[in-house]
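Take full-length UniProt numbering: the final residue in the sequence shown is number 421, and no numbers are missing along the way.
Note that beta-carbon positions come from the ideal geometry of N, C-alpha and C, so glycine has one too.
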Amino acid sequence: MKIDVSEPTDRLGEDDSVKRLVRPRESGKGLPYAPVDWPSPGDVWTWKVGSRISPSGYYTHRFLIVPERLQKSVTRKIWLGSKPSIRRYLRSEFPKADIDAFFASFTWEIPAEIRSPVKVKSEPASRKADLGSQIFSRTRKSTRNCIQFTTKDAATSIDLSLSKGLSPGRVSPNCIADENDVTFDPLEDFESYLNSLDDILSRPISITANSGSALLQMEDFTKSREELSSLLAMDFPSLIASKKLPEVTNLSCKLQTDPHLSPHELSMLNLIQEMPSASKRFLDGKKVKQETREFFLELDGNIALINTLKNKYFSSKNKIAILQAEYESATSTIREIDEQIAMLQSLRSAIAEVVKRSHLKIDELKSTQKRVSNSIPKIVNEVQMANSERPEWEMKQKEAATEEAEILTKFAPLEGFSFMH
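The following block contains the structure:
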């Protein structure tokens with residue numbers, strides 16, 4: 001990935017004359033070109049510059065290396081080579097951080113120490129042509145190694161072009177040239193390799209005129225062309241799905257050094273170098289399309305569900321109205337029955353009271369009847385005894401009547417007699 005330097009640079013407002021001039025590929029720690037005590041006290045950031053200088057005298061390639069405490073891997077340091085990558089890293093690791101305050105804490109632009117060019121003795125044109133044809137005549141083992149370095153959250157590629165021997169137009173933005181057959185395992189410590197780059201890049205290319213090596217290299221280029229062409233026969237989605245995109249970019253890096261490349265082929269190789277970032281955008285877009293498709297499917301399903309629920313609601317409303325009417329009718333009938341039950345219960349209570357009083361009267365009459373039935377024999381006995389005494393009483397009555405008449409007759413003259421004269 002080519003490092004993005006299109007972002008506007010920050011200025012602290014300080015005088016450029018007091019800034020320390022920095023040599024190409026130099027590095028340092030802390031102010032004025034890297035933050036200090038951020039995000040925590042004691043955290044010191046490291047800065048490093050490349051070799052490209054803008055017309056205004058500032059480095060176009062400058063890097064920030066996060067403090068050791070924040071490094072996630074010992075063997076793969078986190079390099080941040082542009083403001084967008086720094087912003088992505090800060091948003092990922094420190095979501096609440098004030099990014100503007102972060103950039104304001106140090107100077108982004110690094111002034112270059114520009115030295116006077118050293119005059120070099122001009123060589124004959126024929127010698128230059130020989131060098132041009134022999135510069136790529138190295139053995140198969142010393143073929144340019146192309147390695148792309150990325151971090152998880154902020155992918156940063158290091159673009160180092162050779163200071164001698166190759167035209168900048170022939171170096172891919174994703175390639176790091178190995179000038180002295182330096183190879184390394186990506187799992188090993190990469191920091192030691194970076195620390196030795198200054199010495200490696202300062203040594204000239206070893207040029208040997210060996211026709212056998214040139215032939216082997218051309219065969220290697222031919223084989224790489226065939227492999228790359230066979231891979232490019234696949235369409236872009238299939239190429240991404242096959243997971244052979246790293247192989248395509250490695251082959252394109254290898255072919256960047258082919259001296260027989262046409263301008264169109266070179267532009268195609270440069271286009272291939274954009275495939276990793278494009279593949280990520282392509283996959284992201286594909287994912288967005290899938291998510292959009294799922295979103296609209298879910299939306300259509302919800303709309304259909306709403307219509308179904310709406311119909312169910314109105315159907316339920318009608319059923320509720322019918323059942324409500326039935327309920328009110330049944331409730332009215334129950335109320336009438338309750339009223340009738342209340343009336344019958346009142347009537348029952350009155351009848352029960354009458355029955356109770358009648359029962360008491362019956363008991364009383366039974367008691368009287370019992371007493372009467374018990375007294376009838378006694379009275380009958382008394383009547384029978386009286387009948388036996390009847391003649392005697394009739395005799396007595398007659399005698400009494402006779403005596404009464406005699407007495408009345410005797411004292412009759414006294415009735416109304418008055419001694420008053």
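Those residues which DSSP pairs with residue i across a bridge
| i | result |
| --- | --- |
| Pro-84 | The partner list for Pro-84 (beta bridge, DSSP) is empty, contrary to what the question assumes. |
| Phe-63 | Lys-48 |
| residue 427 | Past the edges of the chain, shown from 1 to 421, lies residue 427, and the structure says nothing about it. |
| residue 426 | Given that the chain is displayed from residue 1 to residue 421, the structure contains no residue 426 and the question cannot be resolved. |
| Val-380 | In the DSSP output, where bridge partners are listed per residue, Val-380 has none listed. |
| Val-74 | Answer is none; Val-74 lacks a bridge partner. |
| Pro-111 | Tyr-58 |
| Ile-53 | Tyr-59 |
| Trp-79 | Ile-65 |
Selected residue, minimal CA-CA separation from residue i, among the options
| i | options | result |
| --- | --- | --- |
| His-260 | Pro-413, Arg-225, Gly-81 | Arg-225 |
| Phe-221 | Leu-239, Ser-252, Ala-325 | Ser-252 |
| Leu-232 | Gln-273, Ala-342, Met-218 | Gln-273 |
| Leu-283 | Phe-236, Arg-23, Ile-86, Leu-31 | Phe-236 |
| Arg-25 | Leu-70, Ile-114, Ser-315 | Ile-114 |
| Pro-39 | Lys-317, Glu-326, Glu-93 | Glu-93 |
Beta-carbon proximity list for residue i, same chain, < 7 Å, skipping 5 on both sides
| i | result |
| --- | --- |
| Tyr-33 | Trp-47, Phe-106, Thr-107, Ile-110 |
| Gly-416 | none |
| Pro-35 | Trp-45, Phe-102, Ser-105, Phe-106 |
| Asp-258 | Phe-221 |
| Pro-67 | Asp-43, Val-44, Trp-45 |
| Leu-90 | Ala-97, Ile-99, Phe-102 |
| Tyr-327 | none |
| Arg-69 | Asp-43 |
| Asp-37 | Asp-43 |
Close beta carbons around residue i, own chain, < 8 Å, minus the five adjacent residues each side
| i | result |
| --- | --- |
| Ala-412 | none |
| Tyr-58 | Thr-9, Glu-109, Ile-110, Pro-111, Ala-112 |
| Leu-269 | Ser-172, Ser-252, Leu-255, Gln-256, Leu-261 |
| Pro-248 | Looking at the sequence provided, one finds Val at residue 248 rather than Pro. Cβ within range, chain order: Leu-228, Leu-231, Leu-232, Leu-239, Ile-272, Met-275. |
| Leu-245 | Leu-239, Met-275, Pro-276, Ser-279 |
| Pro-124 | Legend: pLDDT at Pro-124 = 42, less than 50; position of this residue unreliable, value from coordinates given subsequently. Around Pro-124: no qualifying Cβ. |
Sequence-distant residues of its chain with Cβ nearer than 6 Å to residue i (five each side left out)
| i | result |
| --- | --- |
| Arg-357 | none |
| Lys-29 | Val-44, Thr-46 |
| Ser-27 | Lys-48 |
| Leu-21 | Pro-111, Glu-113 |
Minimum Cβ-Cβ distance from residue i to chain C less than 8 Å
| i | result |
| --- | --- |
| Val-74 | This model lacks chain C altogether, as it is built from one protein chain only. |
Are the region 260-275 and the region 306-317 in contact at 8 Å, needing three or more beta carbon pairs? no
Taking only runs that begin and end inside the region 203-270, name each unbroken alpha helix (DSSP H) of 4 or more residues, in chain order. 211-232, 236-241, 245-255
For the region 229-242 against the region 274-283, do three or more pairs of beta-carbon atoms, one drawn from each stretch, fall closer than 8 Å, so that the two count as touching? yes
Return the chain-ordered ranges of every beta strand (DSSP E) run that is complete within the region 270-304 and spans a minimum of 3 residues. none
Length at least 4, wholly inside the region 347-375: the alpha helix (DSSP H) runs in chain order: Counting only runs of 4 or more, we get nothing.
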